[in-house]
Amino acid sequence: MRRLLLAVLLCAGLVGVGATPAAASARVAADGTFTVAVTGAPALQPLPGGRCLATLPVTLGFAGTLEGTAPGTIRVAVDAACDVAFAVPPGTYADAFLFTGTFTGTVAGEEAGARLVYSGVTRAGGQVRGLMALHGDAHGLLRVEASAGAGGTYRGSVRA
């Protein structure tokens, strides 16, 4: 019974049950653009099967419903050996990636800071499909369509 109560309380806290009126603002549609700026050299690690894992610092810049930046780290598993994976333009080889960082700026005109997680898959040729999740002063889930190494568009909903 104690475990059940603890689980219910944890779930309630995660979804905002019992949040103050200021923290429980309405969900709004979100859309806009973002850019990707690499801010340092990649650390490369060979993976089994002739693949390569790269870890590098990047900053995402946002315009639209989200206005601000999110510096962080991206880990990219590329379907190519390390000696060629980063000797060619982004998107030449397929990859899967995970970005984690901290967004600061505004969401729907309100000051906000949030943990941002962006994950996705890049097809050979550079087409990216992914998801961004925000958790903090703003909460939301955004669908992403982008070009490898450049940025793209986001669309979804957020609660600021």
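The sequence shown runs -24 to -1, 1 to 136 under mature numbering (1 follows the signal peptide of the UniProt record, and there is no 0).
Cβ atoms here follow ideal geometry from the backbone N, Cα and C, with glycine treated the same way.
Three-way DSSP call (helix, strand, coil) for residue i in this model
i, result
"Ala70", "coil"
"Arg135", "strand"
"Val60", "helix"
"Asp113", "coil"
"Asp55", "coil"
"Leu118", "strand"
Bridge partners - residue i, DSSP secondary structure assignment
i, result
"Pro33", "Thr49"
"Arg99", "DSSP lists no partner for Arg99."
"Ser123", "Gln103, Gly127"
Distance CB(residue i)-CB(residue j) smaller than 7 Å
i, j, result
"Phe10", "Leu32", "no"
Cβ-heavy atom distance, residue i to the ligand MN, below 6 Å
i, result
"Ser1", "As far as ligands go, the structure on display features none, and thus does not contain the ligand MN."
Outcome for residue i when other beta-carbon atoms lying within 10 angstroms are tallied against a minimum of 16
i, result
"Arg135", "buried"
"Leu110", "buried"
"Ala101", "Looking at the sequence itself, residue 101 is Gly, so the reference to Ala does not match. The residue is exposed, with fewer than 16 neighbouring Cβ atoms inside 10 Å."
| Segment contact flag, the segment 56 to 66 with the segment 16 to 31, C-beta cutoff 8 Å, min 3 pairs | yes
| Taking three-plus beta-carbon pairs below 8 Å as touching, is the segment 98 to 105 in contact with the segment 35 to 51? | no
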